[in-house]
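One structure below.
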Amino acid sequence: MKKDYLKLAAVLGLVMIGLLLGGCGESRSPFAGTYRSLEPFAGKNHAELDLKENGKGSWMLAGKTVMEFTWVVNDGKPWFYLRNGGILIATPTDSGNNLSVDMTGDWHPGCPPGSCVVFKRVPEGG
Amino acid sequence: MAEEQGPFSSKEGDGLKLCELGQEVVLPAGTRIVTQGEAPEFFYVIQSGKVKIFRETADGIRTNLTELGAGAYFGEVALVTGQLRTASVETVMESRLIKVSKGEFDHLMDNNPQLARHIIQQLSQWLITGDRRLETETVHQVKFRQISWFDYVLMIGLSIALALVFNIYNDNRIPLIQGWGEKGVIPEISLDQALEMYQKNTAIFVDARKSAFYSQRHIKGAQNLPLILFDLMYPMFQFSLTQDEGAKDKALIVYGGSFSRRFDVEMARMLKHKGNARVMVLKDYGGWPRVLPVEEKMGTEAASLHLGLAGLLEWLPVSIFLLILIPPIRRSPYLSVVARLLLGAIFISFALSKILRPAVFALNTVDYGMMPSWGVNLWALVLPWAELLVGLFLVLGVRTRAAATLIGAMNIIFIVGLVYAIHQHLPINCGCVGEVGEPVNWWKVLKNTGMLVMCVQIFLFDRFLVLDRGGFILRDRTI
Chain A
215 MKKDYLKLAA VLGLVMIGLL LGGCGESRSP FAGTYRSLEP FAGKNHAELD
265 LKENGKGSWM LAGKTVMEFT WVVNDGKPWF YLRNGGILIA TPTDSGNNLS
315 VDMTGDWHPG CPPGSCVVFK RVPEGG
Chain B
2 MAEEQGPFSS KEGDGLKLCE LGQEVVLPAG TRIVTQGEAP EFFYVIQSGK
52 VKIFRETADG IRTNLTELGA GAYFGEVALV TGQLRTASVE TVMESRLIKV
102 SKGEFDHLMD NNPQLARHII QQLSQWLITG DRRLETETVH QVKFRQISWF
152 DYVLMIGLSI ALALVFNIYN DNRIPLIQGW GEKGVIPEIS LDQALEMYQK
202 NTAIFVDARK SAFYSQRHIK GAQNLPLILF DLMYPMFQFS LTQDEGAKDK
252 ALIVYGGSFS RRFDVEMARM LKHKGNARVM VLKDYGGWPR VLPVEEKMGT
302 EAASLHLGLA GLLEWLPVSI FLLILIPPIR RSPYLSVVAR LLLGAIFISF
352 ALSKILRPAV FALNTVDYGM MPSWGVNLWA LVLPWAELLV GLFLVLGVRT
402 RAAATLIGAM NIIFIVGLVY AIHQHLPINC GCVGEVGEPV NWWKVLKNTG
452 MLVMCVQIFL FDRFLVLDRG GFILRDRTI
């Protein structure tokens, strides 16, 4: 019986490791950086997206952070997990220099027109 | 069969000398000497070595009965009863045997009363031992079939405990009950009053649901401010209010449509928090399509996201479901093991993302519109842990009947939710395997039905590789 409990404890340990590893996902490096909106919020009223390599991200409007989130890369696309449970999926274009963020909070094969915010990567130091 | 040091340990009987009978044979290890079901021809006495005696069913289930060494004998049961061989015998190591023909055996019995009496005593002893074994096995089977409330308390209690503890340390933790302890009661407005305000244009209607719901149907002229994007969309919403002359004198009436009241009540709180003084919610959360003018659009079928391995795994229950339709396979305990491993893997893999991000699953739960507000987060926290633990119990073979009933119960709840969502044409994500891009359709119902049938099969026929109340059962079980 003691062996059975040990076996159960070992499996639970493996599950916990699985949970930890499951949180890692694909490498974030290709998408980490700062992005600035091109449309529909361009120019003075632009929005900024800051994707940190540690999985934290923030969305800024007029220099103020309006939303913080965590992000992972699934199947080559950055997914933003909002604190309230919403998910925004970004589609990379232009070799990852542009991100089209689907603002419906659902999955669509492309970014639906009218519910899409396009961001362009800001070069480091730029 | 007899114990070692039987009447043949000395090579002399009272009437006949054994060395005068039979023929000596030497057999290497693993040689089948007697096969169950064949006609008896010989009686055997072991001079040296070891043999094992076992029974085997048509579907390959082997029961080891005993092992015999030097001085023991076997093969007499079929010769005495005149029936076919009742068990098979194989050498465990190289063995030297004396092989006595049926005629010689009969002659030996006729001329050796001591041996005849010994064999009768031995047969009687087996009857008694057999009865005891039968009783032990029956007790074991009865215990195996028993399901105790403790099993359920253990699984559910453990799920609740782990869910609560993990939520404390999870970066993506959620409150146990959304809005619990929030200050400020949001006033409610009846549909008639709302209609009056709509007609007098003294209110701005705010649809707090996800955009897919809004696109499908909304109050004519209402603005969509999805709760999940509140922080991002509020500045734009505020800007639109400044463009509307007289907006500052209008009330904000927030509506949702879900029994869970997640969207409307929480949105109203947030609007109030942002400094909007006159915020109200519709009292009859689902009644607005009947009373207020609405704009509707036929829903387009939601796109599905490629779900990878989990998506493939999900199809296997349908195959098992088809296998179960074949009568000889239906009852197979091997199928139970396959079903257990498969269901276990499915539920474990489905549980992991939900455990890590309970808020996503909570919103999926809200979308079904079947869960009261206080239950949404508790459900979103505990269910994934229950899926994980019960899945583990199935894989490990611990309390599998209780685990199968719990997974079956979950599947019934899922099927009811899916059918309701299809019936109501809800534009929602299933929340079954993936977090998004998983439309609700009849295929999902079929897959869940397949899993439910697997649970029934496990409940009825699972008996291999399980740790139950009677101990651990292996395929090759020695009794």
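So the protein lines, in turn, are chains A and B. My numbering numbers the first residue of the first sequence as 215 and each following residue consecutively. My numbering numbers the first residue of the second sequence as 2 and each following residue consecutively. Each residue gets a CB set at the ideal place from its N, CA and C atoms; glycine is no exception.
Inter-residue spacing [alpha-carbon to alpha-carbon] between residue i and residue j
i       : j       : result
K241(A) : V287(A) : The question names Lys, but residue 241(A) in the sequence shown is Ser. One C-alpha to the other measures close to 7 Å.
G409(B) : D320(A) : 29 Å
V112(B) : T137(B) : Note that residue 112(B) is Asn in the sequence shown here, rather than Val. Cα-Cα distance, rounded: 39 Å.
G16(B)  : G23(B)  : Its pLDDT being 45, under 50, G16(B) is placed unreliably in this model, and the value from its coordinates should be taken loosely. Answer to the nearest angstrom: the Cα atoms are 15 Å apart.
L313(A) : V332(A) : 6 Å
L314(B) : L263(A) : 36 Å
V295(B) : S149(B) : 53 Å
H260(A) : A276(A) : 7 Å
Y249(A) : V336(A) : 5 Å
L28(B)  : K51(B)  : 10 Å
R118(B) : I34(B)  : 26 Å
L547(B) : I325(B) : A query on residue 547(B) cannot be resolved here, the shown segment of chain B reaching from 2 to 480 and no further.
T406(B) : F75(B)  : 46 Å
E5(B)   : L336(B) : Residue placement at E5(B) is flagged as unreliable, the pLDDT there being 44, under the threshold of 50; the coordinate-derived value follows with that caveat. Going by the C-alpha atoms only, they are around 41 Å apart.
R262(B) : K291(A) : 32 Å
S272(A) : N277(B) : 26 Å
K12(B)  : W127(B) : With a pLDDT of 43 at K12(B), under the threshold of 50, the modelled position of this residue cannot be trusted; read the value that follows with caution. Taking the straight line from one Cα to the other gives about 25 Å.
L85(B)  : Q37(B)  : 7 Å
V420(B) : A340(B) : 24 Å
I508(B) : G299(A) : No statement about residue 508(B) is possible, as the shown extent of chain B runs from 2 to 480 and does not include it.
R464(B) : L163(B) : 29 Å
L323(B) : R331(B) : 10 Å
S329(A) : A387(B) : 37 Å
F362(B) : T64(B)  : 48 Å
K298(B) : I161(B) : 42 Å
Alpha helix (DSSP H) segment containing residue i, residue limits
i       : result
Y286(B) : Per DSSP, Y286(B) belongs to no alpha helix (DSSP H) and is neither H nor E.
R331(B) : 328–331
A422(B) : 401–424
T366(B) : 359–369
E388(B) : 374–397
Beta-bridge pairing of residue i - partner residues as DSSP gives them
i       : result
C330(A) : D316(A)
A278(B) : Answer by DSSP bridge pairing: none, since A278(B) is not bridged.
Y295(A) : T284(A), I301(A)
G247(A) : L265(A)
H322(A) : H322(A) is not bridged to any residue.
T67(B)  : I54(B)
K278(A) : L275(A)
E189(B) : V282(B)
Q24(B)  : K100(B)
K355(B) : None; K355(B) has no bridge partner.
T307(A) : N312(A)
N430(B) : P440(B)
F75(B)  : Y45(B)
R242(A) : Note: R242(A) sits in no beta bridge, so no partner.
E253(A) : V332(A)
C-beta contact flag for residue i and residue j at 8 Å
i       : j       : result
P359(B) : L382(B) : yes
S241(B) : N225(B) : no
P41(B)  : K103(B) : yes
G451(B) : P318(B) : yes
A304(B) : G435(B) : no
E189(B) : R270(B) : no
M455(B) : I349(B) : no
G70(B)  : I47(B)  : yes
R402(B) : F460(B) : yes
L1(B)   : I413(B) : For chain B, the structure presents residues 2 to 480; residue 1(B) sits outside this window and is missing.
D245(B) : G257(B) : no
W289(B) : K448(B) : no
M237(B) : V255(B) : no
P440(B) : C433(B) : no
F44(B)  : E95(B)  : no
Start-to-end residues for the beta strand (DSSP E) that takes in residue i
i       : result
S241(B) : Premise fails: S241(B) lies in the alpha helix (DSSP H), 231–244, not in any beta strand (DSSP E).
I34(B)  : 33–35
F43(B)  : 43–49
V441(B) : From DSSP, V441(B) is part of no beta strand (DSSP E); its letter is neither H nor E.
A252(B) : 252–256
E481(B) : Past the boundaries of the shown model lies residue 481(B); chain B is included only from 2 to 480, so the question cannot be answered.
Inset, instruction - Only counting runs of 4 or more residues, tell me where the alpha helix (DSSP H) segments fall wholly within the stretch 203–232 of chain B, in order along the chain. - result: 212–217
Legend entry - Sequence ranges, beta strand (DSSP E) only - wholly within the stretch 82–162 of chain B, length at least 3: 89–92, 96–102
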